[in-house]
Every structure is written in C-alpha cells, then in structure tokens.
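J.:
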Ligand SMILES: Cc1ncc(COP(=O)(O)O)c(C=O)c1O
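In this note's numbering, the protein residues as written are 24 to 394.
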C-alpha cells in the first residue's frame with residue numbers, strides 16, 4: 024500500500040538536506056549563535072523578496088503578532104477584530120497584550136467576512152486579517168474600512184508566504200505583517216521561527232528592541248521597554264535563506280497539486296476555497312459532513328489528513344477563558360465541523376496525490392463515505 028503522510032518530511036530531497044547542512048556548518052564555523060550576520064542576511068533577503076522596508080525576525084509567529092500589536096500601541100482596554108475561524112494564536116496574541124478580541128464570522132471561503140466587518144457597531148482599535156490556507160483577504164476593501172477610522176492593521180500572513188494581490192505582497196498592506204516560519208509553512212525553518220515586516224523604520228526598530236528584552240537597538244544593557252526574549256537563531260536563519268531560494272518553486276508545486284485535486288476529485292466534493300482566489304495553497308481543505316469518518320477511511324488506506332481546525336478559534340478561546348456562552352459564528356462553526364485538509368506540499372509526488380484522489384473517489388463510489 025502506498026503511504027501518503029500529510030506532510031512527508033521523509034521525502035525531503037537529499038540535495039536540500041545537504042544545503043541545510045552546509046548552511047548550519049557555516050554558522051558553527053562563524054561561532055555566532057545569537058543574532059549576527061546570518062540573521063541580518065535573512066531579514067534583508069526577506070525584505071527584498073516581499074518588497075518591504077524592513078523585516079524583524081522573531082522566535083515564532085505568535086510572538087510576531089504580539090510584538091506587532093504592541094509596537095502599534097495596542098494595549099489593555101483596547102479592542103482588536105479577529106476572524107472567528109483561524110489558528111488560536113491570532114486570538115491569544117490579542118489577549119497577550121491585554122486587549123480584547125472582537126470576533127467576526129468568516130465568509131464561505133473561510134476568510135474574514137468584510138460585509139460583517141463593515142457592519143460592526145463596536146469602536147475598535149486594531150484588526151488582524153488572516154490570510155487563511157494560502158488565500159488573501161481583500162486588503163484594498165479592508166483598508167478602505169480601517170484607514171479612515173485610524174484602525175491599525177496587522178496582517179497574519181502565517182499561511183500565505185509568497186501570495187500577492189495585484190502584485191503587492193501579502194504582509195505589506197497593513198501597518199505590519201506577521202509570518203510564522205513553523206516547519207510546515209510554505210516557508211518554514213527546522214524548528215520555531217517567525218518574522219514581522221514593516222513599512223515604518225521606527226516601528227521596526229521598536230520591534231527589534233522588544234524581541235531582545237527591550238534593549239535599545241545597538242546597545243546591550245540599555246533598555247527602553249518591557250521586552251521579551253524572542254530572537255531568531257542564526258542556525259534557523261541560515262536554513263531559511265536556503266529555503267527562500269525555493270519558495271516560488273515550492274508554491275508552484277503546491278498550486279499544481281491543488282489543480283490536480285480541482286480537476287480529478289469527485290465533483291460532488293466541496294472545496295473550501297475556489298481556484299479563483301489565487302492562493303499559494305498552504306492547505307487544501309474540503310468540506311464533508313463527516314470529516315472524522317472520512318479521515319478514518321483515508322487513514323486505513325495509508326493517507327494522512329489534518330483538520331484546520333475542528334473547533335473555531337472563537338470557541339476554543341471562549342472555552343479556555345471560561346466564557347460560558349460564546350457568540351455564534353454560523354459560517355465559521357459550519358466550516359470547522361466539516362473541514363478536512365488533504366495532503367499538499369512540495370514533497371508529495373504526483374503518484375501519491377493520484378492515490379489520494381482515487382482512494383477518496385472510490386470510497387464515495389462504493390459508499391464507504393457519504394458526501
Ligand atoms: C494563522 C496563524 N497564525 C499564527 C500562527 C502561529 O505561529 P507559530 O506557531 O509560529 O507561533 C500560525 C501557525 O500555525 C498560524 O497558522
């Protein structure tokens with residue numbers, strides 16, 4: 024039986040692994056294990072790649088979000104709009120700076136519903152649009168709403184590295200853009216990592232200080248704020264510089280796999296996001312009435328799947344904060360109860376993806392699953 028892991032780390036090409044090893048060796052030879060030229064080099068390469076003024080690397084995406092909010096002045100008593108359906112880190116980052124998340128339901132594509140955003144009655148201070156599964160929120164429309172109200176915008180671009188709208192990169196539309204560089208992301212490290220992008224040098228400099236205990240940029244023991252320790256390791260930076268060279272090629276591979284699914288999956292299977300969204304296909308979510316059962320059937324055939332996410336961030340957040348009656352978000356709830364992500368990555372072979380489709384189509388034909 025062909026095995027198709029959800030994310031096949033065991034299929035990473037030898038050539039790439041040897042490039043990583045060379046890069047790591049270079050860091051070891053440099054004798055610099057915190058900060059230094061490998062980190063600066065990756066930051067400047069990322070700024071060039073997405074065409075932004077300045078990039079500030081951090082330890083992970085969650086810290087990136089909380090640092091971005093903090094440098095934009097979001098603090099206790101303030102309100103931040105977040106989509107009901109996202110990874111929980113988006114909501115938790117708001118709590119981390121002492122502010123309150125204000126949920127907005129998502130649309131049928133799983134992206135923040137801008138009609139509902141525009142109908143909001145609350146006075147809010149900031150908004151975090153999340154570019155889910157590789158597809159971008161309509162940023163011109165969102166900025167039309169946010170800018171006149173002076174609402175700060177932090178893009179959570181953790182699932183959409185390399186995406187763009189009208190040629191302008193994801194992450195560069197708002198006041199700040201945050202990317203998790205978790206290993207399975209479109210651009211990932213070999214461990215935790217993240218990066219924030221800014222158009223404003225002053226904000227970037229404050230973020231740089233915050234990530235390093237609040238020390239003033241360029242000074243070691245002279246502090247300007249209550250900072251934290253969230254620095255990108257040079258070893259991860261060196262690996263990320265290698266991976267960045269391949270990001271466009273890897274995104275093309277993901278798009279090719281998504282196109283195969285679009286073309287050959289049983290036409291009755293609902294896809295969460297249509298090809299027209301111009302996505303970099305971080306995930307390929309389908310909607311089925313019984314995702315756990317479909318997962319079991321596929322698992323029995325050696326196919327790994329994931330669920331992004333089986334509970335909305337709004338509900339998880341309400342639960343952990345012991346808020347009894349979480350507000351209903353009908354579309355987010357309906358997506359989370361039916362979503363199932365099929366394997367997609369630069370490392371899957373066409374044979375593996377064909378096997379996933381055949382297995383799913385056959386299971387529908389012989390009624391071992393219902394859609
Ligand atoms: C949308 C979104 N936001 C934030 C994060 C948090 O990133 P990290 O795991 O690097 O802290 C993730 C990562 O999974 C994510 O998908």
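Here a beta-carbon is modelled for each residue, glycine too, at the ideal position from N, C-alpha and C.
Predicted model only: the values in this text are computed from it and were never measured.
Roughly how many whole angstroms lie between the Cα atoms of residue 325 and residue 292?
T.: Between residue 325 and residue 292, the C-alpha separation is close to 20 Å.
J.: Can you list, in chain order, the residues of its chain whose CB lies under 8 Å from that of residue 231, leaving out five sequence neighbours each side?
T.: If we look at residue 231 and ignore the five residues flanking it on each side, its Cβ neighbours are 79, 240.
J.: With a cut-off of 8 Å on the beta carbons, I'd call residue 214 and residue 259 a contact; round off their distance for me.
T.: With 8 Å as the limit, residue 214 and residue 259 qualify as a contact, their Cβ atoms being about 6 Å apart.
J.: Beta carbon of residue 33: closer than 6 Å to some heavy atom of ligand 2?
T.: Only ligand 1 can be found as ligands here, which leaves ligand 2 out of the picture.
J.: Using the Cα positions of residue 146 and residue 225, report the straight-line distance between them to the nearest angstrom.
T.: Those two C-alpha atoms are separated by around 27 Å.
J.: Evaluate contact between the region 190 to 205 and the region 40 to 59, counting only Cβ atoms and requiring at least three cross-stretch pairs below 8 Å.
T.: These segments do not touch.
J.: Apply the 10 Å Cβ neighbour rule to residue 372 and answer buried if 16 or more other Cβ atoms are within range, or exposed otherwise.
T.: Exposed.
J.: Does the beta-carbon of residue 110, which I'm using as the reference point, lie nearer than 6 Å to any heavy atom of ligand 1?
T.: Result yes, Cβ under 6 Å from ligand 1.
J.: Opposite residue 308 in the DSSP bridges: which residues?
T.: In the DSSP output, where bridge partners are listed per residue, residue 308 has 364.
J.: Distance check for residue 394 and residue 313, CA to CA, integer angstroms please.
T.: Distance between the alpha carbons of residue 313 and residue 394 is about 8 Å.
J.: Ligand 1 and residue 291: does the residue's C-beta get closer than 6 Å to at least one heavy atom of that ligand?
T.: Not so, every heavy atom of ligand 1 lies at least 6 Å from the Cβ.
J.: Check this for me: beta carbons of residue 262 and residue 43, under 7 Å apart or not?
T.: In this structure, residue 43 lies closer than 7 Å to residue 262 by Cβ.
J.: Using only alpha-carbon positions, find the residue among 141, 370, 76 that is nearest to residue 28.
T.: Measuring from the Cα of residue 28, the nearest candidate turns out to be 370.
J.: Note the first and the last residue of the continuous alpha helix (DSSP H) segment covering residue 237.
T.: That residue, residue 237, is in no alpha helix (DSSP H); it is neither H nor E in DSSP.
J.: When we look at the beta-carbon of residue 381 and count the other beta-carbons within 10 Å, is it buried (16 or more) or exposed?
T.: Flag for residue 381 reads exposed.
J.: May I ask you to list the residues that DSSP assigns as paired with residue 340?
T.: In the DSSP output, where bridge partners are listed per residue, residue 340 has none listed.
J.: Thinking C-beta only, is residue 317 closer than 7 Å to residue 387?
T.: Going by C-beta atoms, residue 387 is not nearer than 7 Å to residue 317.
J.: Does the count of Cβ pairs from the region 292 to 312 and the region 156 to 175 closer than 8 Å reach three?
T.: The region 292 to 312, when compared against the region 156 to 175, does touch it at the 8 Å Cβ threshold.
J.: On the three-state DSSP scale, how would you describe residue 2?
T.: Residue 2 lies beyond the range of the chain shown here (24 to 394); nothing can be said about it.
J.: Should residue 175 go down as buried or exposed, given a rule of 16 or more other Cβ atoms within 10 Å for buried?
T.: Looking at its Cβ environment, which holds 16 or more other Cβ atoms inside 10 Å, residue 175 is buried.
J.: I need the DSSP call for residue 175, collapsed to helix, strand or coil.
T.: DSSP places residue 175 in strand when its eight states are reduced to three.
J.: At what residues does the beta strand (DSSP E) containing residue 27 begin and finish?
T.: Taken as a continuous stretch (DSSP letters only), residue 27 belongs to no beta strand (DSSP E), as it is neither H nor E.
J.: Would you say residue 277 and residue 367 are within 7 Å of each other, going by their C-beta atoms?
T.: Cβ atoms of residue 277 and residue 367: closer than 7 Å.
J.: Short of 6 Å in beta carbon distance, which residues of its chain neighbour residue 34, apart from the five on each side in sequence? Order them along the chain.
T.: Counting only Cβ-Cβ distances below 6 Å, and skipping sequence neighbours, we find 370.
J.: Can you list the beta strand (DSSP E) stretches of 3 or more residues lying completely in the region 269 to 327, in chain order?
T.: You should have 307 to 310.
J.: Based on DSSP bridge pairs, tell me the residues matched to residue 106.
T.: In the DSSP output, where bridge partners are listed per residue, residue 106 has 127.
J.: Locate the alpha helix (DSSP H) running through residue 221, then write down its first and last residues.
T.: Run containing residue 221: none in the alpha helix (DSSP H); it sits in the beta strand (DSSP E), 217 to 221.
J.: Short of 8 Å in beta carbon distance, which residues of its chain neighbour residue 374, apart from the five on each side in sequence? Order them along the chain.
T.: Cβ neighbours of residue 374 beyond the five flanking positions: 25.
J.: Tell me which same chain residues have a C-beta within less than 7 Å of the C-beta of residue 334, skipping the five on either side of it?
T.: For residue 334, where only same-chain residues beyond five positions count, the Cβ hits under 7 Å are 359.
J.: I'd like to check one pair, residue 119 with residue 89: are the Cβ atoms closer than 7 Å?
T.: In contact: residue 89 and residue 119 (Cβ atoms closer than 7 Å).
J.: With DSSP as the reference, identify every bridge partner of residue 192, one or two as the case may be.
T.: Per DSSP, 187.
J.: Quick one: what does DSSP say residue 167 is sitting in, helix, strand or coil?
T.: Correct three-state label for residue 167: helix.
J.: I'd like the list of long-range same chain contacts for residue 264, defined as Cβ closer than 8 Å, with 5 residues on each side in sequence excluded.
T.: Answer for residue 264: 46, 61, 64, 65, 68, listed in chain order.
J.: Which two residues bound the contiguous alpha helix (DSSP H) that contains residue 89?
T.: Unbroken alpha helix (DSSP H) run through residue 89: 84 to 94.
J.: Ligand 1 heavy atoms versus the CB of residue 179: any closer than 6 Å?
T.: Under cutoff, so the answer is yes.
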